[in-house]
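Chemist: Below: one structure in C-alpha cells.
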Amino acid sequence: MSLNSCYHCGADCGKKPVIFNNKEFCCNGCKTVYEILNVNELSCYYDLESNPGTIPSEIKGKYAYLENEEIVSNLLEFNDSEIAVIEFYVPSIHCSSCIWVLENLSKLNNGVITSLVNFPEKTVRITYKIEATNLKDIVELMTSIAYEPYISLGDADAKKNKVSKTLIYQLVIAAFAFGNIMMLSFPEYFQVDGFWINKYKIIFRWLMFFMSIPVVFYSAKDYFISAYKGLSHKILNIDVPVALGISVLFIRSSTEVFLNISAGFFDSLTGLVFFLLLGKFFQQKTYNFLSFERDYKSYFPIAVTKINNNKEEAIPVKNVCEGDRLLIRNEELIPVDGILIKGEALIDYSFVTGESVPVVKKSGDKLFAGGKQTAGAIEIDVINTIEQSYLTQLWSNAVFNKTKEKNIKNITDSISKYFTIVILSIAFIAGIYWYFKNPNIAFNIVTAVLIIACPCALALSAPFAFGNMLRIFGYQKFYLKNTETIEDMAKVDTLIFDKTGTITSNDISKIKYEGVPLSSDELQLIKTVIRASNHPLSRALYKFIEEPCLTEKLDYFEEILGSGIQAKYRNNQVKLGAASFVDVSQKNINETVIYISINEELKGKFNFSNNYRKDTQNVFNELSKKYKLIILSGDNEGEKEFLSKMLPKETLFKFNQKPEDKLNFIKKLQQKGAHVLMLGDGLNDAGALAQSNVGIAISENINVFSPACDGILDANLFNKIPKFLTLASKTINIIKISFIFSFSYNIIGLYFALTGQLTPIVAAILMPASSISIVIFVTMLTNWISKKN
1 MSLNSCYHCG
11 ADCGKKPVIF
21 NNKEFCCNGC
31 KTVYEILNVN
41 ELSCYYDLES
51 NPGTIPSEIK
61 GKYAYLENEE
71 IVSNLLEFND
81 SEIAVIEFYV
91 PSIHCSSCIW
101 VLENLSKLNN
111 GVITSLVNFP
121 EKTVRITYKI
131 EATNLKDIVE
141 LMTSIAYEPY
151 ISLGDADAKK
161 NKVSKTLIYQ
171 LVIAAFAFGN
181 IMMLSFPEYF
191 QVDGFWINKY
201 KIIFRWLMFF
211 MSIPVVFYSA
221 KDYFISAYKG
231 LSHKILNIDV
241 PVALGISVLF
251 IRSSTEVFLN
261 ISAGFFDSLT
271 GLVFFLLLGK
281 FFQQKTYNFL
291 SFERDYKSYF
301 PIAVTKINNN
311 KEEAIPVKNV
321 CEGDRLLIRN
331 EELIPVDGIL
341 IKGEALIDYS
351 FVTGESVPVV
361 KKSGDKLFAG
371 GKQTAGAIEI
381 DVINTIEQSY
391 LTQLWSNAVF
401 NKTKEKNIKN
411 ITDSISKYFT
421 IVILSIAFIA
431 GIYWYFKNPN
441 IAFNIVTAVL
451 IIACPCALAL
461 SAPFAFGNML
471 RIFGYQKFYL
481 KNTETIEDMA
491 KVDTLIFDKT
501 GTITSNDISK
511 IKYEGVPLSS
521 DELQLIKTVI
531 RASNHPLSRA
541 LYKFIEEPCL
551 TEKLDYFEEI
561 LGSGIQAKYR
571 NNQVKLGAAS
581 FVDVSQKNIN
591 ETVIYISINE
601 ELKGKFNFSN
611 NYRKDTQNVF
621 NELSKKYKLI
631 ILSGDNEGEK
641 EFLSKMLPKE
651 TLFKFNQKPE
661 DKLNFIKKLQ
671 QKGAHVLMLG
681 DGLNDAGALA
691 QSNVGIAISE
701 NINVFSPACD
711 GILDANLFNK
721 IPKFLTLASK
731 TINIIKISFI
741 FSFSYNIIGL
751 YFALTGQLTP
761 IVAAILMPAS
771 SISIVIFVTM
781 LTNWISKKN
C-alpha cells in the first residue's frame with residue numbers, strides 16, 4: 001500500500017484525504033464503511049485482505065424504487081408484517097472474507113436478524129424486522145460495502161441461472177492461439193534455412209509472443225486469480241502450481257524472444273492452457289450430466305391433503321395447483337402460499353425466520369409456505385405453487401444444522417493443501433537439479449511437475465461419490481438432507497426405533513371400542529377433534545370412525561405431543577389420549593389405547609392392535625449383527641412380551657418415554673461415545689431426531705416434513721434399511737479407493753515428469769483426464785454397488 005492510498009479500497013486519496021482514527025480514506029464512503037466495521041468490532045476484516053473494499057458508487061436515490069410497497073412485495077419471499085425474508089444474488093461474492101462480512105450484516109444493521117450466504121450460488125438470504133429497517137436500507141448498506149445485489153423486477157432467477165459463456169470464450173481464444181502458434185513454430189522445428197532465417201524468423205517469433213498474451217492474461221486469468229486469492233489468505237489451493245507453471249513458461253519464452261535466443265515455448269504454453277480449459281469444460285459437462293440436485297428435489301417426499309368435493313386425498317406437493325383447497329393438520333407444515341378460508345391459525349414461522357413466537361391468523365389472511373400450524377386443523381385456498389427447492393432450503397436452514405465432526409470433505413481439503421506444499425517443494429528441487437544437469441529441459445520439467453501433480457482428481461472423489469449415492473437413494477424413495485448424512489450413516493453403531501408409526505404400520509388391523517356407547521353426535525365430535533391431529537393413532541382412528549365431521553369449527557384445540565388432545569366445542573370439553581392425560585387410573589397398562597373423556601366424564605377407550613411392518617423380524621435380525629438395537633417408545637409395555645419374542649435377544653426396550661426423555665436418553669448414549677441413528681415418525685420424535693447423529697423420519701404418504709430430521713424414508717421400504725446402511729459404508733470405501741487411484745496418478749505422473757519424459761502439453765492433457773476418469777470411476781462404482789444390493 002502506498003503512503004497516500006485509501007485504507008479501505010487502496011485508491012489514491014489525493015491532496016485532501018479523509019482522516020479518521022489515524023487512517024487515510026479517499027472518500028467519506030470508505031471512511032463510513034471502516035467506521036461501521038470498527039464500531040461493531042469487525043475491523044479484523046482488514047486482516048483478511050489488504051484494501052478489501054472498492055470505491056462505493058453513487059447510491060443516493062438509486063434504490064428509491066424500493067420504497068414502493070408493491071415492488072417490495074414482489075421481491076420478498078416472506079412477509080407477515082413483522083418479519084420479512086428476501087434472497088439476493090450477489091455477483092461479487094468470491095471468497096471467505098465476503099462470506100464473513102455478509103453473514104455479519106446483523107452487526108451493521110440492527111434490523112437484520114440473520115443473513116446466510118450460499119457460496120456456490122452466490123446468494124445471501126436475509127431475514128429482517130420490518131419495524132427496525134427496510135429493504136432499501138439493507139440494499140444501500142450492501143452496496144456501500146461493495147456487495148451490490150443483483151435485483152431484477154422481472155424473473156431474476158432466469159438471469160441468475162443463465163450459464164456463463166466466459167469459459168467458452170476463454171477456450172476459443174486459447175484454441176485459436178494454440179493452433180496458429182503451432183503452425184508458426186513448424187519452420188524452427190524443422191530447422192528451415194535460407195530465406196526463412198534472414199527475413200521471417202523474428203516476425204514469427206513476435207507473432208507467437210503477441211498471440212500468447214490474450215491466452216495468459218484472459219484465458220488463464222482464473223488460475224491466477226484463484227491462486228492469488230488463496231495466497232492472500234495464506235491458503236495454498238490447487239491452482240497455485242498451475243499458475244506457477246503458466247508463469248514459468250511465459251516468462252522464459254518471452255525472455256528468449258526479447259533476447260532473440262529462440263522461439264521459446266509458446267506452443268507448449270498455449271497448448272497447456274487450452275487443454276487445461278478443455279478439461280475444465282468437460283468436467284463441468286460431466287458434473288452437469290451427473291447432477292443429483294434436480295432429481296433429488298423433484299422426488300422430495302412431501303404430501304398434503306387435498307379437499308375435493310368434500311373428500312380428502314393425499315397428493316404430492318408438486319401436484320398442487322393454484323385454486324386447490326388443502327387441509328393442514330396440527331403440527332403440519334404449510335407447503336405453499338395460500339389464503340386461510342376455514343379455522344383459526346397459529347403459525348410458527350421459525351423454519352423460515354428463526355423466530356419461534358407463533359403468529360395468529362384469521363380467515364382471509366395470507367399464509368406463507370414454510371409456516372407450521374400449531375392450533376388444530378385449518379383449510380387454505382392455494383394462491384401460489386412453490387418449487388421443491390424451497391422446501392429443501394427450509395430443511396437445510398442453519399437453525400437446524402448439527403455440529404459436524406471432521407469429515408471426508410475436510411480431510412480432502414487438508415490433503416490438497418499439504419499436497420500442494422509437497423509438490424512445490426519437489427518442483428523446486430527438480431528445477432535446481434536439472435538446471436545444473438541439463439538447463440535446456442529444466443523449465444519443461446518444473447512445469448510438467450507443477451501441472452501433472454495437481455490434486456484435482458482427489459478433490460472430486462468425495463463430492464461425486466456422495467452426490468451420486470444421494471441421487472440413487474432418492475430414486476429408491478430414501479431422501480437425505482445432504483451428502484454429509486451418508487458419511488454420518490457410515491459411522492453409526494447404535495440404532496434406535498420408535499414403535500408407533502415406525503415399526504408399526506398406520507394401517508391398523510383392528511380397532512375395538514370399550515365403554516359407554518357413543519352417540520352419533522359424540523362420534524362426530526371425536527372425529528372432528530382427531531381430524532386436526534397428525535399422530536399415527538389419530539389418523540387410524542379418523543379412518544375407523546364412519547360418521548362425518550361437524551360442519552362448524554372447534555372453539556379450542558390443543559395437542560400435547562406425547563400425551564393427547566384437548567378441545568372445546570360449544571359447551572363440550574373433550575380429552576383424548578393417554579390414561580394419565582385423561583385422568584384415568586391405569587389398571588391395565590399393557591394396551592395401546594386412546595381414552596375418551598367428554599365434559600370430564602370418562603366414556604371409554606379405543607383399543608388398537610398393532611400391525612408390524614413387513615419383514616420387521618428379518619430387519620432386526622440382520623441389523624443386530626453389526627449394530628446395538630433399542631426400542632424407545634412413548635407407548636406402554638403392552639406389547640413388550642410379543643416384541644421380546646420377535647426381536648433379537650440383545651434388543652433393549654424403553655417404554656413410557658416422553659419426548660424429552662427420548663432426547664435425554666440419546667444424549668447420554670452420545671456422551672458415552674455412541675453414534676446414534678434414530679428412526680421415528682417425525683412428530684413427537686422431533687427432538688430425538690434432531691439430537692441423533694442421524695435422524696430418519698418414516699413417511700406414510702402424509703405431510704411429515706420436519707427440518708429436525710436428516711432424512712425421510714418411504715414406509716414401504718422399511719425392510720431396506722440394512723441395505724441403505726450397507727451402501728453408505730461402501731460409499732466411504734469407494735472414496736478411499738478413489739483416493740488411492742488419485743495418488744497413483746500423481747506418483748506415476750511425477751516419475752515421468754521428473755525424469756524428463758513428460759512435456760507440459762502432455763501433462764496438461766493427462767491432468768484433466770485423470771479428474772474425469774476419477775469422476776466416471778466413482779459414479780460407475782456407486783451405480784454398480786447400488787444395483788448389486
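Here the sequence shown is numbered in the numbering used here, starting from 1 and rising by one per residue.
Even for Gly, the Cβ is constructed at its ideal location relative to N, Cα and C.
Because the structure is a prediction, the values reported are computed rather than measured.
Does the beta-carbon of E650 have 16 or more other beta-carbons within 10 angstroms, so that it is buried, or is it exposed?
Modeler: Its Cβ having fewer than 16 others within 10 Å, E650 is exposed.
Chemist: Grab me the residues of A243's own chain with a C-beta within less than 6 Å of its C-beta, minus the 5 sequence neighbours each way, in chain order.
Modeler: If we look at A243 and ignore the five residues flanking it on each side, its Cβ neighbours are Y223, F224, A227.
Chemist: Could you tell me which residues DSSP puts in a beta bridge with E87?
Modeler: The partner list for E87 (beta bridge, DSSP) reads R125.
Chemist: Which class does Y627 belong to by DSSP, given the choice of helix, strand or coil?
Modeler: Note: Y627 maps to coil in three-state DSSP.
Chemist: Inspect the beta-carbon positions of L727 and S786 and report whether they are closer than 8 Å.
Modeler: Yes, Cβ-Cβ distance for L727 and S786 is below 8 Å.
Chemist: For the segment 363-373 against the segment 539-554, are there 3 or more C-beta pairs whose distance is under 8 Å?
Modeler: No: the two stretches stay apart, fewer than three of their Cβ pairs being nearer than 8 Å.
Chemist: Rounded to the nearest angstrom, what separates S699 and L327 at their Cα positions?
Modeler: Their backbone Cα atoms lie some 18 Å apart in a straight line.
Chemist: Report yes if the CB atom of N110 is closer than 8 Å to the CB atom of A84, and no otherwise.
Modeler: Going by C-beta atoms, N110 is not nearer than 8 Å to A84.
Chemist: First and last residue of the alpha helix (DSSP H) that includes I203?
Modeler: I203 -> alpha helix (DSSP H) spans 201-214.
Chemist: Evaluate contact between the segment 482-492 and the segment 665-680, counting only Cβ atoms and requiring at least three cross-stretch pairs below 8 Å.
Modeler: The segment 482-492 vs the segment 665-680: in contact.
Chemist: Taking one C-beta from the segment 742-753 and one from the segment 434-451 each time, how about it: are there three or more such pairs within less than 8 Å?
Modeler: At 8 Å Cβ cutoff, the stretches touch.
Chemist: Determine the DSSP secondary structure at T494, reduced to helix, strand or coil.
Modeler: Reduced to three states, the DSSP call for T494 is strand.
Chemist: Since Q691 and L663 are thought to touch, with beta carbons under 8 Å apart, how far apart are those beta carbons, to the nearest angstrom?
Modeler: At roughly 5 Å, the Cβ-Cβ gap stays under 8 Å, so Q691 and L663 are in contact.
Chemist: Please identify the residue among W100, M142, F718 whose C-alpha is closest to the C-alpha of K62.
Modeler: Comparing Cα positions, the closest option is M142.
Chemist: Output the distance between the C-alpha atoms of D583 and T127, rounded to the nearest integer angstrom.
Modeler: Near 44 Å, if we compare the C-alpha coordinates of T127 and D583.
Chemist: What did DSSP end up calling L346 once you bin it into helix, strand or coil?
Modeler: Residue state, collapsed to three classes: strand.
Chemist: Grouping DSSP H, G and I as helix and E and B as strand, with all else coil, what is S597?
Modeler: Strand at S597.
Chemist: How many angstroms separate the CA atom of K527 from the CA atom of F497?
Modeler: Answer to the nearest angstrom: the Cα atoms are 29 Å apart.
Chemist: For L76, does the three-state DSSP call read helix, strand or coil?
Modeler: In the structure shown, L76 sits in coil (DSSP, three-state: anything other than H, G, I, E or B).
Chemist: Using the C-alpha atoms, what's the distance from Y7 back to I334?
Modeler: Approximately 49 Å, taken between the alpha carbons.
Chemist: What is the C-beta distance between Y627 and D710, in whole angstroms, given that I count them as a contact (C-beta under 8 Å)?
Modeler: At roughly 17 Å, the Cβ-Cβ gap does not stay under 8 Å, so Y627 and D710 are not in contact.
Chemist: Taking just the CA atoms, how far does V359 sit from E331?
Modeler: Approximately 14 Å, taken between the alpha carbons.
Chemist: I need the boundaries of the beta strand (DSSP E) containing I307, first residue and last residue.
Modeler: Looking at the DSSP string, the run of the beta strand (DSSP E) that includes I307 is 303-308.
Chemist: Tell me, which residues are paired with V18 by DSSP?
Modeler: In DSSP, V18 forms a bridge with F25.
Chemist: Distance check for A369 and S350, CA to CA, integer angstroms please.
Modeler: Each residue's Cα considered, the two are about 12 Å apart.
Chemist: Pick out the complete alpha helix (DSSP H) segments inside the segment 521-591, 4 residues or longer, and give them in chain order.
Modeler: Runs found: 536-544.
Chemist: Can you tell me the Cα-Cα spacing of E322 and V382, whole angstroms?
Modeler: One C-alpha to the other measures close to 5 Å.
Chemist: Closer than 7 Å by C-beta to T782: which residues in its own chain qualify, once you throw out the five before and the five after it? Chain order, please.
Modeler: Closer than 7 Å at Cβ, skipping near neighbours: A465, N468, M469, I472, T731, I734.
Chemist: Measuring alpha carbon to alpha carbon, tell me which of K342, N572, I594, R570 ends up nearest A579.
Modeler: For the residues K342, N572, I594, R570, the minimum Cα distance to A579 belongs to I594.
Chemist: Name, in chain order, the residues that DSSP records as bridge partners for G695.
Modeler: DSSP lists M678 as partners of G695.
Chemist: As a quick exercise: from S738, F265, D555, pick the residue whose alpha carbon is nearest that of Q573.
Modeler: It is D555.
Chemist: Should S644 go down as buried or exposed, given a rule of 16 or more other Cβ atoms within 10 Å for buried?
Modeler: With fewer than 16 other Cβ atoms within 10 Å, it is exposed.
Chemist: Using 8 Å as the threshold, is the C-beta distance between T385 and V336 below it?
Modeler: Yes, these two residues count as a Cβ contact at 8 Å.
Chemist: Give me, in chain order, the residues of the same chain whose beta-carbon lies closer than 6 Å to that of S505; leave out the 5 immediate sequence neighbours on both sides.
Modeler: Correct list, in chain order: N611, R613.
Chemist: Whose CA, out of F743, F741, S253, K640, lies closest to the CA of V216?
Modeler: That would be S253, whose Cα lies nearest to the Cα of V216.
Chemist: Rounded to whole angstroms, what's the CA-CA distance from L277 to R329? Just pull it up for me.
Modeler: Between L277 and R329, the C-alpha separation is close to 54 Å.
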